[in-house]
Ligand code: NI
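Residue numbers (the numbering used here): 11 to 175.
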């Protein structure tokens with residue numbers, strides 16, 4: 011297992027618009043593996059390449075507890091959005107903070123897999139939230155830029171009402 015160092019807020023790397031990934035080679039496979047290892051070790055549900063200092067349009071997402079739902083998203087584009095969800099969000103690059111962010115409830119995303127094949131899939135709930143969050147990273151956008159509000163330390167430790175409560 012190889013993990014990479016996670017870049018933190020304040021670093022300009024997180025503010026760049028990433029370039030398209032054009033090569034589907036061994037180097038990409040190694041990066042994807044390292045990104046998944048880094049995400050799992052940090053207990054995250056998503057990680058974008060700029061968070062490990064690579065300015066390419068690559069992200070990994072896995073919202074399952076048993077790490078069975080890994081999605082490797084290369085050059086992802088959200089092509090449909092529907093509904094909305096308002097809830098808690100954090101980021102491995104923004105430690106010890108959380109905010110309330112409104113995202114679509116359901117999305118359709120088009121991306122390439124590690125071999126360069128085009129894939130189209132739907133995601134909803136937490137996975138839709140995670141994919142939107144990671145796709146934003148590829149354009150230099152952090153959740154703190156678009157959050158409804160920041161949570162207090164007490165709220166971070168406790169629970170806040172989610173949608174429908
Ligand atoms: Ni993030």
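A virtual CB, placed ideally from N, CA and C, is assigned to each residue, including glycine.
The structure displayed is predicted, hence computed values, not measured ones.
Contact test: residue 101 Cβ vs the ligand NI heavy atom, cutoff 7 Å: yes
Residue 147 Cβ short of 7 Å to the ligand NI heavy atom set: yes
Nearest-angstrom Cα separation, counted from residue 29 out to residue 135: 28 Å
Contact test: residue 77 Cβ vs the ligand ZN heavy atom, cutoff 7 Å: With respect to the ligand ZN, the structure offers nothing, as its ligand set consists of the ligand NI.
6 Å Cβ shell around residue 13 - same chain, five flanking residues per side excluded: 47, 48, 51
CA-to-CA distance, residue 123 to residue 97, given in whole angstroms: 29 Å
Cβ-based burial, residue 127 [other Cβ within 10 Å; buried from 16]: exposed
3-residue-minimum beta strand (DSSP E) runs that sit fully inside the region 42-75, ordered along the chain: 56-58, 68-71
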